[in-house]
Amino acid sequence: MGQHDGAPHPPNAAGHSAATDESKDEAPRDLRSTTRKSGEETPSGEKKRRSSGVGRARDLFSSAKQSLSSLGSSPEHKTADKHQTPLQKLGKTDPALSVPQGSWNNSAGESHPGPRSTFRVGVTEDKNKKCRRTMEDTHAYLYNFLSTPAPALGSDASSKNRTSLAESTSSSQLSPVSSQDVVETDNGYFAIFDGHAGTFAAEWCGKKVHILLEDIIRKHPNTAIPELLDMTFTTVDQQLEKLPLKNSGCTAVIAVLRWEDRIPNSQSVTGSSAIAPATAAALEKGGDHREVDASATEGKLRQVASRQRVLYTANVGDARIVLCRNGKALRLSYDHKGSDENEGKRIAGAGGLILNNRVNGVLAVTRALGDAYMKDLVTGHPYTTETVIQPDIDEFLILACDGLWDVCSDQEAVDLIRGVEDPQVASKCLVEHALSRFSTDNLSCMVVRFDSKAVQQAVAKEVPPIGVEGDAASKMGGISEAEAIVAESKKKLEESGERLDRIPSDLARDMETHDQEPGPELNARAVEKAKRENKGKVSPPAETPAATS
-14 MGQHDGAPHP PNAAGHSAAT DESKDEAPRD LRSTTRKSGE ETPSGEKKRR SSGVGRARDL
46 FSSAKQSLSS LGSSPEHKTA DKHQTPLQKL GKTDPALSVP QGSWNNSAGE SHPGPRSTFR
106 VGVTEDKNKK CRRTMEDTHA YLYNFLSTPA PALGSDASSK NRTSLAESTS SSQLSPVSSQ
166 DVVETDNGYF AIFDGHAGTF AAEWCGKKVH ILLEDIIRKH PNTAIPELLD MTFTTVDQQL
226 EKLPLKNSGC TAVIAVLRWE DRIPNSQSVT GSSAIAPATA AALEKGGDHR EVDASATEGK
286 LRQVASRQRV LYTANVGDAR IVLCRNGKAL RLSYDHKGSD ENEGKRIAGA GGLILNNRVN
346 GVLAVTRALG DAYMKDLVTG HPYTTETVIQ PDIDEFLILA CDGLWDVCSD QEAVDLIRGV
406 EDPQVASKCL VEHALSRFST DNLSCMVVRF DSKAVQQAVA KEVPPIGVEG DAASKMGGIS
466 EAEAIVAESK KKLEESGERL DRIPSDLARD METHDQEPGP ELNARAVEKA KRENKGKVSP
526 PAETPAATS
């Protein structure tokens, strides 16, 4: 189910819903049959950083002074480079990082609903300029996330034969966008990342986490998604540690909404299990390893399988996701804060301590991505949930950073927007409400509104199935939406002639001095002290490879 690392469990940690009433982290009894959460030690503005008006004026003035023969000369390129963010500079080495922002400042790129989409996304963000100098939140969403893999049986179960998107971005394996269509899956990906100690970690995660997750799902099609989410967060930490800005970090909340063929399972809290992990478990239990036995086992399971809508979530830190079920707010995340008793015990067990509700007096959250200088204490292992969507009563999702939740309860947020059908208008209502309550942090709110009628039709097989490998749409061939977006980015990068194979050492040094705003999550003085004490524990970057998997 989930990951275990031996730390103490909180009360009622296993076998209950992850949903909560208001600020409590306990589930209503009548919801335990539809949501499964991880068995962890605890329930586990503008993003295109534009140059200032002064910077743009300086660029224009500089260009005006150039002769026609020197329009492409190095001084102009140096001026442009000077105003690039660390992420933009790294984008020369990794096409995924150079993907342009999409509508509503979507870090994943341009993504729109298709003819079969059963949900709509709305996002609003606000720097909260009265309180914050920079915007450190990012968000990402996709309307056509990777198709749900069919069980990999026999020799096909080996991950060695599956090429990752991260690997292909560093080679020539990505096919031209024009030669392959995007497969409409109606599988959604939603994420919010709230940065601290600068914007770098949050921006990087906005561009990369969905790509890493797709790669890991491809390589491990028989593994349960909660485990793959944990694996993805671990991979994110490993990759961030290899990059120059090691002190940047972010909280994260992500959700994957997908179609699955599931079989009844009385031992599962949700009452059912995805067919791929179930097939693998049945084969392992029965000792059937031959492909003929594997096919027979899968065939028997498919006779009792049904198509269902399933929501998976994962979070670290205090960004939160809430499901509206028949008007009630159900929390599907866990606030990892220094004030939490269970997290305090975990920190103490790892050799740290909580001072003023902060880890070693530094960081207000006890789990985050990045923060390499505190990784032995501030783990990146997420709290995960698995929820079978009930289309007749499940209405919408709210994903938001703590800028909202610091001034608004779960139920209050649900009540505020329940009658607002347009998710974009709903997300704006939440941000305006937080500002009216004098929130002092950046604000990012995402609302995902379900089309209940369309979901019910799909579940009842009144329309052709979609979203699972083997469905008619997937048999026609094509690539995932993320693959298409990154392929286009790679094409433009190569055409510009700016692509680099490795991160130059001088670029790494420049990134280390990039201006950072501590933000309310950090005690700035304690951060500097922690950096000095941990100097040498995190090795400095050399010639770092461009894109790793």
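According to the working numbering, the sequence shown holds residues -14 to 534 in order. For glycine and all other residues, C-beta sits at the position ideal for the given N, C-alpha and C.
Measuring C-alpha to C-alpha distances from residue 133 to each of 71, 189 and 292 identifies 292 as the nearest.
Secondary structure note for residue 473: its alpha helix (DSSP H) is the uninterrupted segment 466 to 481.
When only Cα atoms are considered, residue 438 and residue 374 end up about 13 Å apart.
Under the criterion of beta carbons closer than 8 Å, residue 408 and residue 448 do not qualify as touching, at roughly 22 Å.
Contact between the stretch 187 to 196 and the stretch 218 to 236 is present, with at least three C-beta pairs closer than 8 Å.
The Cβ-Cβ distance between residue 187 and residue 121 falls below 8 Å. Taking the Cβ atoms as the reference, residue 203 lies roughly 18 Å from residue 246, outside the contact range of under 8 Å. DSSP, reduced to helix, strand and coil, places residue 117 outside both helices and strands of the structure shown, so it counts as coil. Secondary structure at residue 77: coil, using DSSP grouped into helix, strand and coil. Between residue 400 and residue 435, the gap from beta carbon to beta carbon reaches 8 Å or more. The count of Cβ pairs closer than 8 Å, one atom from the stretch 296 to 307 and one from the stretch 385 to 398, reaches three, so the stretches are in contact.
Judged by DSSP secondary structure, residue 89 falls outside any alpha helix (DSSP H); it is assigned neither H nor E. Taking every protein chain shown into account, the CB of residue 360 has 16 or more other CB atoms within 10 angstroms, so this residue is buried.
Taking a C-beta distance under 8 Å as the contact criterion, residue 367 and residue 440 do not qualify as a contact pair.
Annotation: residue 118 to residue 111 spans about 12 Å, alpha carbon to alpha carbon. Beta bridge pairing from DSSP links residue 324 with no other residue. Sequence-distant partners of residue 173 (beyond 5 residues in either direction) whose C-beta falls short of 8 Å from its own C-beta, in its chain, are 104, 106, 126, 127, 128, 130, 240, 241, 242, 243 and 433.
Counting along the chain, no alpha helix (DSSP H) covers residue 173; the unbroken beta strand (DSSP E) around it starts and ends at 173 to 181. By the C-beta criterion, the stretch 311 to 319 is judged not to be in contact with the stretch 261 to 268, since fewer than 3 inter-stretch pairs fall below 8 Å. Contact check for residue 94 against residue 80 fails: the beta carbons are separated by 8 Å or more.
Membership of residue 412 in the alpha helix (DSSP H) is indicated by the continuous run 408 to 421.
A distance below 8 Å separates the beta carbons of residue 296 and residue 372. Taking 3 residues as the shortest admissible run, the stretch 325 to 393 contains the following complete beta strand (DSSP E) segments, listed from N- to C-terminal end: 368 to 373 and 379 to 385.
If you compare the alpha carbons of 480, 453, 454 and 428 with that of residue 108, the shortest gap goes to 428.
In the DSSP assignment, the residues bridged to residue 127 are 174. Shown here for residue 456: same chain residues with a beta carbon closer than 8 Å to its own, the five before and five after excluded, namely 132, 449 and 450 in chain order. By the neighbour-count definition (other C-beta atoms within 10 Å, threshold 16), residue 23 is a buried residue. Residue 259 is bridged by DSSP to 247.
Residues 305 of the same chain have their beta carbon placed closer than 6 Å to that of residue 390, with the five preceding and five following residues left out of the count.
For residue 187, the enclosing alpha helix (DSSP H) covers residues 185 to 204. The three-state secondary structure of residue 447, taken from DSSP, is coil.
Annotated as proximal: residue 222 and residue 365, with beta-carbon spacing under 8 Å.
Under the 10 Å beta carbon count, residue 461 is surrounded by fewer than 16 other beta carbons and is classified as exposed. With distances taken between CA atoms, residue 115 lies nearest to 425 out of 476, 206 and 425.
Of the residues 254, 248, 256 and 255, the one whose Cα lies closest to the Cα of residue 267 is 248. Taking the Cβ atoms as the reference, residue 344 lies roughly 6 Å from residue 332, within the contact range of under 8 Å.
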